[in-house]
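Residue numbers (my numbering): 120 to 517.
See structure below.
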């Protein structure tokens with residue numbers, strides 16, 4: 120800072136021109152080394168009205184400048200130095216011999232002179248201290264507010280973080296419970312699937328058993344029907360009934376007609392007369408084993424019969440009227456035109472098989488025998504002859 124600048128600063132501080140000149144020279148001489156060393160970057164001179172004791176000194180030589188009957192004037196020099204170094208109070212003198220006190224101080228140092236942020240140097244220390252205290256208080260309040268804000272923000276973040284952690288823990292627990300429940304449900308589903316497969320296998324097995332039993336039942340029912348089935352093989356119609364030469368004898372005139380499986384005549388009926396009111400039908404019957412009947416065998420699925428003769432109670436069987444010749448197939452089985460060797464052999468050797476059960480059993484025959492069912496005939500009546508599949512001949516009135 121030049122002496123001219125210091126001079127005008129001294130005048131601005133309220134000094135006389137002579138004092139301002141002397142003060143400017145003294146400050147310039149003293150401040151030059153500091154400014155050259157980079158410790159003093161600017162000087163501000165302001166007149167302060169309080170009295171500075173002569174004995175007050177901060178380490179420099181005193182230069183006296185007497186001012187008779189006037190209060191000592193203290194000038195405040197505020198410096199911004201790096202590093203901040205407090206200069207001190209100096210006593211300056213001019214040619215008139217008057218003197219005043221000069222105080223130098225650093226910003227922020229423990230000096231009697233304080234400088235505000237705007238560079239204003241206050242005349243009274245109390246005012247400077249008050250503003251300094253206000254400044255410190257405001258800074259403290261701001262700092263405290265910042266600290267409180269930071270604390271509140273930290274507390275809020277911690278609270279939110281704790282809430283989020285609790286929520287996360289709760290959701291994690293819920294997720295774990297849901298996962299456990301899901302695994303439980305999956306295990307139950309697998310167990311139910313296994314049970315379902317077992318039940319399905321059991322149902323399939325039972326269905327197979329039921330089907331097998333149904334087939335067996337059907338077979339049994341069929342066998343039962345076959346065992347009980349009857350075939351209409353002939354019809355006897357009573358045409359007339361009168362007295363014979365002897366009054367105690369009665370003659371009965373009949374028409375005998377053989378029928379097919381549908382009940383239709385195989386040939387025109389034969390009219391014949393027997394002695395007596397009771398009519399006998401002599402026949403040879405072959406009965407096969409039941410297993411062939413149950414199976415519905417084509418050749419051995421039913422009994423077969425051959426009609427030998429009709430006679431009355433007043434005549435011997437040998438005197439009866441012949442019907443089918445012995446050794447010849449009946450008309451109902453195709454007569455001599457059939458190509459079946461089994462039936463032909465059975466009829467041709469009927470009595471041989473009847474007297475040899477072993478031989479008959481080899482052919483599946485259960486019985487070979489003669490039968491002679493009879494009934495009391497009445498004029499105008501007709502009688503049906505039936506042959507059961509597993510039995511013999513039956514005469515029933517129609």
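Glycine is no exception: its CB is placed at the ideal position from the N, C-alpha and C atoms.
As the structure is a computational prediction, the values presented were derived from the model and not from experiment.
Annotation: the stretch 400-432 contains the following complete segments of the beta strand (DSSP E) (minimum length 3 residues), in chain order: 423-431.
Residue pairing of residue 493 in beta bridges, as defined by DSSP: 399.
Taken through DSSP and simplified to helix, strand or coil, residue 356 comes out as strand. By the Cβ criterion, the stretch 375-394 is not in contact with the stretch 468-476, since fewer than three pairs of Cβ atoms, one from each stretch, lie closer than 8 Å. Around the beta-carbon of residue 353, 16 or more other beta-carbon atoms lie within 10 Å, marking it buried. For a cut-off of 8 Å, the C-beta gap from residue 375 to residue 465 is around 23 Å, too long to register as a contact. In this structure, DSSP gives residue 370 an extended state, which the three-state scheme calls strand. In the three-state reduction of the DSSP assignment, residue 506 falls in the strand class, which pools E and B. In the three-state DSSP reduction, residue 385 falls in the coil class, being neither helix nor strand. According to the DSSP assignment, residue 512 belongs to the beta strand (DSSP E) that extends over 512-516. With at least 16 other beta carbons inside 10 angstroms of its own, residue 403 counts as buried.
Here residue 490 is near residue 512, since their CB atoms are less than 7 Å apart. Each residue's CA atom was taken as its position, placing residue 355 and residue 381 some 17 Å apart. Apart from the 5 residues on each side of it in sequence, residue 361 sits with its Cβ closer than 6 Å to the Cβ of 370 in its chain, given in chain order. Between residue 423 and residue 412, the CB-CB gap reaches or exceeds 7 Å. With a 10 Å radius around the Cβ and a threshold of 16 neighbouring Cβ atoms, residue 377 comes out buried.
Here the C-alpha atom of residue 305 lies approximately 18 Å from the C-alpha atom of residue 317. Note on residue 509: 16 or more other CB atoms within 10 angstroms of its CB, so buried under the neighbour-count rule.
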